[in-house]
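Novice: I am attaching a structure below and will ask some questions about it afterwards.
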Amino acid sequence: MVRSGLAVALGLMLSACGGAGTGGDAVDNAAANMLAATDNAAAANAVTDVATGGPLDAWAGKHPSEKLDGMTFLAQPMVKAAVAAAIPDAKVRESVFSFNGPDAPIVKKEGRLLAWGCQEHNCGYHNWSVSITPDGSNAEVCSYRNDVKPDGPSTWYVAGGKTEQRPGNCPSQ
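Going by this note's numbering, the sequence shown opens with residue -19, and the numbers climb by one from there.
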C-alpha cells in the first residue's frame, strides 16, 4: 500500500518534470532511492513479523486434524515435543495425540495458538486443549476426563511439570 502510494506520487513528479534533462534524472534517481527504501523497509517488517511469530502460526484457522504439508497439527515435531515436555503421564499424552473426535479451528489467543479436540460421541466428558507458543517452545495442555459430569474442573499441565485444576472443560477459543 505504501509502495503504490509512492508510485503514484513519483509518477506525478515525473510527468510534471517531463522526465527530461538533469531535473528528470534527479527525479528518476530520487524515485529509485525512494522505492529501494520502501523495499528495504518492507523486508525489515517481514523479518520482524517472522521473529514475533513462528512456524506454527500457519495453523491459525485450521483444524488440528487438518493436514498441512502432509502432517496434522499434533504430528508436528515441535508440537509433539512441547506436549511431551508438559505432560509427564504417558496415558494422558496418548489421549491427546490419539483423539478421534471433533475438533475446533485453531485460534490465536494472547500470543499463543489454542487447539481443541474431543473424544467422538463423548465431547462433554472427554476433551483436551493445547495452548502453545507459535515457535513451539512452550505448551500448556488441558485434559478433561470426567465420566460423571461435563462441567467439573479440568487438569492443566503447565511449565515445570506442574499441574493445576481450573474450572470447566478445556477451552476451544
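C-beta atoms are modelled at their ideal positions from N, C-alpha and C, and glycine is treated no differently.
Please read all numbers here as calculations on a predicted model, not as lab measurements.
Name the residue from 57, 37, 108 whose alpha carbon lies nearest to the alpha carbon of residue 83.
Specialist: Mapped onto the sequence shown, residue 83 falls at position 103. Measuring from the Cα of residue 83, the nearest candidate turns out to be 108.
Novice: Does the segment 40 to 60 come within contact of the segment 113 to 126, defined as at least 3 CB pairs closer than 8 angstroms?
Specialist: Touching, yes.
Novice: Under DSSP, the beta strand (DSSP E) around residue 121 begins and ends at which residues?
Specialist: Position 141 of the sequence shown, counting from 1, holds the residue named residue 121. Unbroken beta strand (DSSP E) run through residue 121: 119 to 125.
Novice: Put residue 144 into one of helix, strand or coil per three-state DSSP.
Specialist: As a working mapping, residue 144 is identified with position 164 in the sequence shown. Looking at residue 144 - three-state DSSP - the assignment turns out to be strand.
Novice: Which runs of the alpha helix (DSSP H), 4 residues or longer, sit entirely within the segment 75 to 106?
Specialist: For the segment 75 to 106, not a single whole alpha helix (DSSP H) run of length 4 or above is found.
Novice: Could you pull the start and end residues of the alpha helix (DSSP H) that residue 59 belongs to?
Specialist: Mapped onto the sequence shown, residue 59 falls at position 79. Looking at the DSSP string, the run of the alpha helix (DSSP H) that includes residue 59 is 57 to 66.
Novice: For the beta strand (DSSP E) containing residue 134, list its first residue and its last residue.
Specialist: Position 154 of the sequence shown holds residue 134. Residue 134 -> beta strand (DSSP E) spans 134 to 138.
Novice: Do you know how far the Cα of residue 40 is from the Cα of residue 92?
Specialist: Residue 92 sits at position 112 when you count from the first residue of the sequence shown. Residue 40 sits at position 60 when you count from the first residue of the sequence shown. Each residue's alpha carbon lies about 10 angstroms from the other.
Novice: When DSSP builds the beta bridges, which residues end up paired with residue 108?
Specialist: As a position in the sequence shown, residue 108 is number 128, starting the count at 1. Its beta-bridge partners are 97, 123.
Novice: So the candidates are 70, 65, 81, 123; which of them puts its Cα closest to the Cα of residue 101?
Specialist: Position 121 of the sequence shown holds residue 101. Among 70, 65, 81, 123, the Cα nearest to that of residue 101 is on 81.
Novice: Could you check if residue 97 is buried or exposed, using at least 16 other CB atoms within 10 Å of its CB as the buried criterion?
Specialist: Position 117 of the sequence shown holds residue 97. Flag for residue 97 reads buried.
Novice: Rounded to whole angstroms, what's the CA-CA distance from residue 140 to residue 153? Just pull it up for me.
Specialist: As a working mapping, residue 140 is identified with position 160 in the sequence shown. As a working mapping, residue 153 is identified with position 173 in the sequence shown. Taking the straight line joining both Cα atoms gives about 24 angstroms.
Novice: Quick check on this structure: which residue in 95, 111, 138, 151 has the alpha carbon closest to the alpha carbon of residue 69?
Specialist: Your numbering for residue 69 matches position 89 in the sequence shown. It is 138.
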